[in-house]
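**Student:**
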Amino acid sequence: MQPSILSRVLALTLMTATAQPVFATTDITNSGPTHAQINASMNANTELKQLISWAIEHDAGIQQIHYQADALQDMGVATSQWMDPKLKVGVGGLPVDSFAFDDDPMTNISVGLMQQFGRGNTLGLKQKQSDQQANSIREKADVRDLELENAITTQWNELVFQQNVYGLLQQNQTLFRELEHYLSTNYGVGSNQAQDIIQAQLQIGLIDDKLQANQQMQQKIKAQLSEWVGDNAFTMQANNYPDWVVLNGYLSTNAGANSSTTPESNYQALVNHPSIRMSDLLIKSSETGIDIANEAYLPEFGVEVMYGYRQANGMGGQPASDLLSVYLTMDIPLFTEKRQDKKLSSAQHQLGAAKAQRDLLLRQMNAKINALTVDRYNLEQRIERYQDSLLKRAKEKTHAIERGYQNNTSQLDEYIRAASDELTLAIEQERLQADLQKTNSSLAYLLNKF
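Quick note: the sequence shown uses the working numbering, first residue 14, plus one each step.
(1) Can you look up Gly-315 in the DSSP assignment and give me helix, strand or coil?
(2) Determine whether the beta carbon atoms of Ala-360 and Ile-303 lie at a separation below 7 angstroms.
(3) Indicate whether the contact test is met: 3 or more Cβ pairs, each with one atom in the segment 86-100 and one in the segment 280-292, closer than 8 angstroms.
(4) Considering only residues of the segment 391-429, which uninterrupted alpha helix (DSSP H) runs meet the minimum length of 4 residues and lie entirely inside it, listed in chain order?
(5) Which of the three DSSP states is assigned to Tyr-195 in this structure?
(6) Between the alpha carbons of Leu-456 and Thr-386, how many angstroms are there, rounded?
(7) Helix, strand or coil for Thr-452 per DSSP?
(8) Any idea what DSSP makes of Leu-215, helix, strand or coil?
(9) Residues in its own chain within less than 6 angstroms of Asp-158 by CB, not counting five upstream and five downstream?
(10) Helix, strand or coil: how does DSSP classify Ile-345 here?
(11) Rounded to whole angstroms, what is the Cα-Cα separation between Gln-208 and Glu-427?
(12) Quick check on Gly-262: does DSSP put it in helix, strand or coil?
(13) Hey, how far is the Cα of Tyr-458 from the Cα of Ile-220?
(14) Please classify Tyr-418 as buried or exposed, where buried requires at least 16 other C-beta atoms within 10 Å of its C-beta.
(15) Give the C-beta separation of Arg-190 and Ile-217 to the nearest angstrom, bearing in mind that I take them to be a contact with Cβ-Cβ under 8 angstroms.
(16) Does the structure place the segment 126-138 close enough to the segment 303-320 that three or more beta carbon pairs sit under 8 angstroms?
(17) Please report how far the alpha carbon of Trp-169 lies from the alpha carbon of Ile-305, in whole angstroms.
(18) Alpha carbon to alpha carbon, how far is Ala-84 from Asp-448? Give it in angstroms, no decimals.
(19) Mind checking Ser-44: buried by the 16 CB within 10 Å criterion, or exposed?
(20) Whole angstroms is fine: what's the gap from Asn-267's alpha carbon to Asp-388's?
(21) Closer than 8 angstroms by C-beta to Phe-36: which residues in its own chain qualify, once you throw out the five before and the five after it? Chain order, please.
(22) Taking 6 angstroms as the limit between beta carbons, can you name the residues of its chain near Leu-404, skipping five residues before and five after?
(23) With distances taken between CB atoms, is the gap from Gly-330 to Pro-118 smaller than 7 angstroms?
(24) Do you know whose CA, among Gly-125, Thr-120, Tyr-263, Pro-98, lies nearest Val-339's CA?
(25) What's the C-alpha gap between Gly-321 and Gln-142?
(26) Could you please give the first and the last residue of the uninterrupted beta strand (DSSP E) stretch that includes Ser-123?
(27) Where does Asn-148 land, buried or exposed, given buried means 16+ other C-beta within 10 angstroms?
(28) Could you tell me which of Asp-115, Gln-232, Pro-98 sits nearest to Gly-105, measuring between CA atoms?
(29) If contacts are defined as beta-carbon pairs under 8 angstroms, then Ile-165 and Leu-238 qualify, I think. What distance do you get, rounded to the angstrom?
(30) Which word fits Ala-413, buried or exposed, when buried means at least 16 other C-beta atoms lie within 10 angstroms of its C-beta?
(31) Taking the alpha-carbon positions, what's the Leu-192 to Glu-415 distance?
(32) Taking the continuous beta strand (DSSP E) assigned at Gly-103, which residues delimit it?
(33) Going straight from the alpha carbon of Glu-171 to that of Leu-373, what length do you get?
(34) Taking a contact to mean a Cβ-Cβ separation below 7 angstroms, would you say Gln-145 touches Ser-299 in this structure?
(35) Taking the CB atoms as reference points, tell me whether Asn-383 and Trp-257 lie closer together than 7 angstroms.
(36) Could you tell me which of Met-88, Asn-420, Ala-309 sits nearest to Ile-345, measuring between CA atoms?
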């Protein structure tokens, strides 16, 4: 056995295993990003925004929402019009003994029109309410935009995580392939050496399985993304996390104790969220519903005009004059207790329900923001601990065991465990980075800060 040769192989392969992943990740340490990382981040942000724009432009869900809004608005125009006039045609004063039109001067052939008008300003208020409801549905389209941004960004971040892990696994696999090749080439056939080779080959097989599982997950994520971005999901290059310029700017401006935003500042941001704007329009619609209910206490008018044509002669033997009749009709809402009063009470209850729904939604969204802010702060602290302490200690442990293996004071399986532990810590750090990106995406959705 030649310890010096093994030392060079292990040192070389260890540096390969502990090197930074081939895919750049977000760095929250004090050291600034490199020029290459900045360019990669800019390219990733550009491609991600292009994918989101394409998804929004081609999303069938948004088209459906706009169709619903247009349908409701058109229906509002239709229901706010006067009722169609009614044509009335008939014969009056016809003698039953002869059924002649010219025997009795009272016999006439009548043609009339009847027109019913709206009650008070009910028709105008109905159109106003339909417009408010249609606008609230259009706000739902903006909610859909945010949902698409959040969903695509979340899947993008998960894909970046999987690719970073794939790079780590490949580096670890390279380590054990070179070690297995060295052991097979330079060692004898003793039991210990054979066991070392088998252990290295086992690790290579295990990493192969992890690489395949990783590829499976990447393909699954791209398949899920194809729901929104189509075939672009299979050609995009998700090489970096977003930079979150807008979100970080907002959080740094509104930062309070423990790096969390205050509830007041959250509420100020939330009132501009499409979900809250949609609730505001539903409240206005309910207020218009109260106005419509109040109009029910007013009478409803109608006009009827009749023209009667007569063929008989009058008393003096002259042809009888035709007849013109004009009527004004109105209903009198006298019994309001079971009808108008209940409609007004129902409209008031609906307004109360709409306001309560808005308040509940605000509280729920604010609570989610507070919880996500706590997660974000703690994730940043944990990532810093991994970078400043845990990964360094793991590398030191691996180096110590390597030196022990060179001096025949430790076994190869100890070195394999140390290298595996180091890989596990590196993957855990990547998972924390991905969780931080997921948290940022959820915050950007709630605060409308993509």
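All residues carry an ideal CB built from backbone N, CA and C; glycine is no exception.
**Tutor:** According to the structure shown:
(1) strand
(2) yes
(3) no
(4) 404-419
(5) helix
(6) 8 angstroms
(7) helix
(8) helix
(9) Ile-69
(10) coil
(11) 13 angstroms
(12) helix
(13) 37 angstroms
(14) buried
(15) 6 angstroms
(16) yes
(17) 49 angstroms
(18) 41 angstroms
(19) At Ser-44 the pLDDT is 43, less than 50, meaning the model places this residue with poor confidence; the figure from the coordinates comes in the next sentence. Classification of Ser-44: exposed, given that the 10 Å Cβ count is below 16.
(20) 17 angstroms
(21) Reliability of the predicted coordinates at Phe-36 is poor, the pLDDT of 31 falling under 50, and no value is obtained from them.
(22) Leu-438
(23) no
(24) Gly-125
(25) 43 angstroms
(26) 121-129
(27) buried
(28) Asp-115
(29) 7 angstroms
(30) exposed
(31) 12 angstroms
(32) 99-105
(33) 31 angstroms
(34) no
(35) no
(36) Ala-309
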